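Report on the following structure.
There are 2 protein chains.
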Amino acid sequence: MSELRKDLISREWVIMSPERARRPSDFHHQHEAQTVVTKNHSICPFCSGNESKTPDEILAFRDKSAKPNSSGWWVRVIPNRFPALMIEGKLNRSEHVIYDRMNGIGAHEVIIETPEHGKPLSRLDEKYMREILWAYRERYIDLCKDSRLKYILIFKNHGKVAGASIDHSHSQLIATPMIPQQVWIKIKGIEQYYDYRDNCAYCDIIRAESGEAERTVIENNSFIAIAPYAARHPFETWIMPKRHSASFVDMNETEIDELSAILKMILLKLELCLNDPPYNYTIINSPINSGVISQFHWHLEIIPRLTIAAGFELGTGIYINPVPPEESARYLREIKTIV
Amino acid sequence: MSELRKDLISREWVIMSPERARRPSDFHHQHEAQTVVTKNHSICPFCSGNESKTPDEILAFRDKSAKPNSSGWWVRVIPNRFPALMIEGKLNRSEHVIYDRMNGIGAHEVIIETPEHGKPLSRLDEKYMREILWAYRERYIDLCKDSRLKYILIFKNHGKVAGASIDHSHSQLIATPMIPQQVWIKIKGIEQYYDYRDNCAYCDIIRAESGEAERTVIENNSFIAIAPYAARHPFETWIMPKRHSASFVDMNETEIDELSAILKMILLKLELCLNDPPYNYTIINSPINSGVISQFHWHLEIIPRLTIAAGFELGTGIYINPVPPEESARYLREIKTIV
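Chains as they are written, first to last, in my numbering: chain A, 272 to 610; chain B, 272 to 610.
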């Protein structure tokens, strides 16, 4: 089982997960070919027809006539076979000399986005994109009931360089028994901004960007997609709900439809503009089971992995971005998506 | 010229450096071959004899008979040809709508560690390793005189995956006109620990690790190299001075000798154990020109780049480490360095 350990100085937790690769020789050529990519459909555990190759599903949207753990689904959620954190057990906190640790309680799920191998998320019909968002929401709401869990991150790794170990399109969900420091920093930033300006920082960003338009890629009634003013990465894009809301589970049906539309459009634009770049996206929500933080403004961050975080970034946390957001927004606005 | 922009929420600065690659097509195949590696010695700007291919040197340790910017040196410091930040100009801070920005004032230097192409740092004689540390120190002390600068990071990128764009062994120095948030977080963590336990967190770590020994790789009179209890990365190793000190410039001659010895030994052990892995190291010092932060305890962090930071790490800042530090320390202790 994994173990959570806290750094004394940064106060950030680390997940020690020794179930994964562990011997030095396992890393010998990893810097050349870092992940196993399944090209052979017959052995892909995420393909329709191969349901028996995965743990039993937690949730699936499927034809009513079809049985659980068989084909006929269009979105399927399963436990991760090599979970970073596990739902089973009792959360124990303890000390080791001067250090703090916890056992690896949490959740780690995989959302298989399509039964079709080789179909990227950017090429899914909007109606299927919607279903994925509904699946995210359903799993999120269910896990919120577990009072041990304090934060849930839904994220996607696309491409080897972005950490995808299986190329069949999927996203993941990890729930942690503590609030990540990085989320605390955002909360503190939002609160400081609020104290100073009496308004939500994200709401102010939306207002400023709608007015200037040079960093706006696209918008619809409910959402705006922008290249943020202080983008850390080339072509970093944020999708933000125009209506202030702490969590994506508050979205209504129309808003889910509009998020599907704008997310698909941005992913397609990135694919066409950058020749199918590796990317990650994350849905940044307020913590759970920790009191209401109504000042939080949820959003989705998309980060194409085009540059390498080297010693300077690791040592300072400051990123060097060769593409100003005004330029990336212009390129993405101009790219045609009629394909 | 670069521009510094501050994120409203995380309050971290980003360096916008449009002098580097910028058009979408520049990134098209970058995820496959991200850097240009100079294999041909005759065109390598860092090789002895090719001094005219670089900007004029800032510092060099060379034979007394040799002229500046000619061969005969063993360590040579030059300005980075594509600087993230530049020393020339006046520091201007301004606002843009709701955002903060500064012009890209700072410094960006390259320390060429050896005249010999293809010689890695791990294989340099200790006496040359010492000279590199003396060059770091001399440049650091010189830049401290510039009151605009608030932080100096010395770092090394080894291997493509770690961000090295030229394979001739070198390190870099970037000085910034502000204290990075990540350094503030460490300062705050050190202060909180001090308030609670009346001692330096790093001093307590050294005491705890010397006692337990299972995470200690090697030590000498002045330094200890450990795998930290909450290591974020497999085979992450910290070298810490046993004597409490806020900055590496306080090292005396004996300490510099002992740091050379332990740094060389750790790099060699990593090379042998992990088959020449890509890695970064950073020297984490107290800020400069910002009052004395005597509670700070400088140290050197070595991070082999064996795993990928994917969506979960980007979204939470929490790392998943498949190799517990007790194991990595044991592997590194056991590897023989007689070669």
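Backbone N, C-alpha and C fix where the C-beta goes; we use that ideal spot for every residue, glycine too.
Remember, it's a predicted structure, so these values are computed and weren't measured experimentally.
Contacts of residue i in chain B (Cβ-Cβ under 7 angstroms)
i, result
"Leu-424 (chain A)", "Phe-583, Gly-586 and Thr-587"
"Arg-503 (chain A)", "Val-285"
"Arg-408 (chain A)", "What Arg-408 (chain A) touches in chain B: nothing, since even the nearest Cβ is about 17 angstroms away."
"Tyr-602 (chain A)", "Pro-295"
"Arg-276 (chain A)", "Tyr-500 and Ala-501"
"Asp-475 (chain A)", "Ile-369"
"Ala-479 (chain A)", "Val-368 and Ile-369"
Residue of the options minimising C-alpha distance to residue i
i, options, result
"Arg-576 (chain B)", "A:Phe-519, A:Phe-332, A:Gly-434 and A:Gly-430", "A:Gly-434"
"Ile-606 (chain A)", "A:Glu-542, A:Ile-497 and A:Asp-371", "A:Glu-542"
"Gln-566 (chain B)", "B:Pro-326, B:Tyr-552 and B:Asp-469", "B:Asp-469"
"Pro-326 (chain B)", "B:Gly-343, B:Tyr-473 and B:His-379", "B:His-379"
"Cys-544 (chain B)", "B:Tyr-370, B:Ile-609 and B:Asp-334", "B:Ile-609"
"Glu-526 (chain A)", "A:Arg-408, A:Ser-599, A:Ile-376 and A:Lys-277", "A:Arg-408"
"Phe-506 (chain B)", "B:Arg-410, B:Leu-603, B:Gly-430 and B:Glu-490", "B:Leu-603"
"Leu-571 (chain A)", "A:Tyr-399, A:Ile-445, A:Phe-583 and A:Ile-533", "A:Ile-533"
"Asn-321 (chain A)", "A:Asn-551, A:Pro-386, A:Ala-331 and A:Gly-375", "A:Pro-386"
"Ser-515 (chain B)", "B:Val-381, B:Leu-279, B:Phe-494 and B:Leu-362", "A small correction: the amino acid at residue 515 (chain B) is His; Ser does not occupy that position in the sequence shown. Of B:Val-381, B:Leu-279, B:Phe-494 and B:Leu-362, the residue nearest in Cα terms is B:Phe-494."
"Val-368 (chain B)", "B:Glu-584, B:Trp-509, B:Pro-548 and B:Arg-276", "B:Arg-276"
"Pro-391 (chain A)", "A:His-429, A:Ile-376, A:Ile-382 and A:Ser-365", "A:His-429"
"Pro-295 (chain B)", "A:Ile-497, A:Lys-361, A:Asn-546 and A:Val-285", "A:Asn-546"
"Pro-451 (chain A)", "B:Ile-314, B:Phe-583, B:Glu-598 and B:Asp-278", "B:Phe-583"
"Gly-375 (chain A)", "A:Phe-519, A:Asn-491, A:Asn-523 and A:Arg-419", "A:Arg-419"
"Ala-501 (chain B)", "B:Ile-591, B:Val-381 and B:Lys-398", "B:Ile-591"
"Lys-324 (chain B)", "B:Ser-336, B:Asn-340 and B:Arg-333", "B:Asn-340"
8 angstroms Cβ cut-off: residues of chain E touching residue i
i, result
"Leu-545 (chain B)", "Checking the listed chains, one finds no chain E in this structure; the protein chains it contains are A and B."
Whether residue i touches residue j by CB criterion (8 angstroms)
i, j, result
"Lys-457 (chain B)", "Ser-561 (chain B)", "no"
"Pro-354 (chain B)", "Pro-499 (chain B)", "no"
"Leu-539 (chain B)", "Ser-393 (chain B)", "yes"
"Glu-402 (chain B)", "Val-488 (chain B)", "no"
"Pro-593 (chain B)", "Pro-289 (chain A)", "yes"
"Gln-222 (chain A)", "Gly-588 (chain B)", "A query on residue 222 (chain A) cannot be resolved here, the shown segment of chain A reaching from 272 to 610 and no further."
"Glu-274 (chain A)", "Arg-372 (chain A)", "yes"
"Pro-316 (chain A)", "Ile-329 (chain A)", "no"
"Met-357 (chain B)", "Met-287 (chain B)", "no"
"Ile-574 (chain B)", "Leu-585 (chain A)", "yes"
"Ile-461 (chain B)", "Ile-280 (chain A)", "yes"
"Trp-569 (chain B)", "Ala-517 (chain B)", "yes"
"Ile-537 (chain A)", "Thr-508 (chain A)", "yes"
"Ser-313 (chain B)", "Ser-342 (chain B)", "no"
"Pro-549 (chain A)", "Lys-431 (chain A)", "yes"
"Met-511 (chain B)", "Ile-477 (chain B)", "yes"
Residue interval of the alpha helix (DSSP H) (run including residue i)
i, result
"Trp-405 (chain B)", "397-415"
"Met-449 (chain B)", "Premise fails: Met-449 (chain B) is in no alpha helix (DSSP H) and is neither H nor E."
"Ser-481 (chain A)", "472-483"
Contacts that residue i makes with chain A (C-beta to C-beta distance below 7 angstroms)
i, result
"Ala-472 (chain B)", "Leu-279 and Ile-280"
"Gln-452 (chain B)", "Gly-588"
"Lys-427 (chain B)", "Gly-582"
Beta-carbon neighbours of residue i, restricted to chain A and to distances below 8 angstroms
i, result
"Glu-483 (chain B)", "Val-368"
"Ala-433 (chain B)", "Ile-579, Ala-581 and Gly-582"
"Thr-257 (chain B)", "Past the boundaries of the shown model lies residue 257 (chain B); chain B is included only from 272 to 610, so the question cannot be answered."
"His-457 (chain B)", "Per the sequence presented here, residue 457 (chain B) reads as Lys, with His not at that position. What Lys-457 (chain B) touches in chain A: Ile-280 and Ser-281."
"Thr-487 (chain B)", "What Thr-487 (chain B) touches in chain A: nothing, since even the nearest Cβ is about 13 angstroms away."
"Phe-552 (chain B)", "Note that residue 552 (chain B) is Tyr in the sequence shown, not Phe. Per Cβ cutoff of 8 angstroms: Gly-582."
Boundaries of the beta strand (DSSP E) in which residue i is found, first to last residue
i, result
"Arg-514 (chain B)", "Careful: Arg-514 (chain B) lies outside any beta strand (DSSP E) and carries neither H nor E."
"Ala-501 (chain A)", "Premise fails: Ala-501 (chain A) is in no beta strand (DSSP E) and is neither H nor E."
"Met-287 (chain B)", "284-287"
"Ile-609 (chain B)", "Ile-609 (chain B) -> no beta strand (DSSP E), and no H or E assigned at all."
"Ser-365 (chain A)", "364-367"
"Leu-330 (chain A)", "330-333"
"Leu-275 (chain B)", "274-277"
"Asn-374 (chain A)", "370-374"
"Thr-385 (chain A)", "Counting along the chain, Thr-385 (chain A) falls outside any beta strand (DSSP E), and DSSP gives it neither H nor E."
"Lys-427 (chain B)", "422-429"
"Pro-350 (chain B)", "344-350"
"Val-488 (chain A)", "487-490"
Interface residues of chain A facing residue i [CB-CB closer than 9 angstroms]
i, result
"Gly-460 (chain B)", "Asp-278, Leu-279, Ile-280, Ser-281 and Arg-282"
"Ile-437 (chain B)", "Those within 9 angstroms of Ile-437 (chain B) in chain A number zero; the least Cβ separation is about 12 angstroms."
"Tyr-465 (chain B)", "Those do not exist, as Tyr-465 (chain B) stays about 11 angstroms from chain A at its closest Cβ, beyond 9 angstroms."
Beta-carbon neighbours of residue i, restricted to chain B and to distances below 9 angstroms
i, result
"Ile-574 (chain A)", "Gly-582 and Leu-585"
Enumerate, from N- to C-terminal direction, the unbroken alpha helix (DSSP H) stretches of 4 or more residues contained entirely within the region 526-606 of chain A. 582-587 and 596-605
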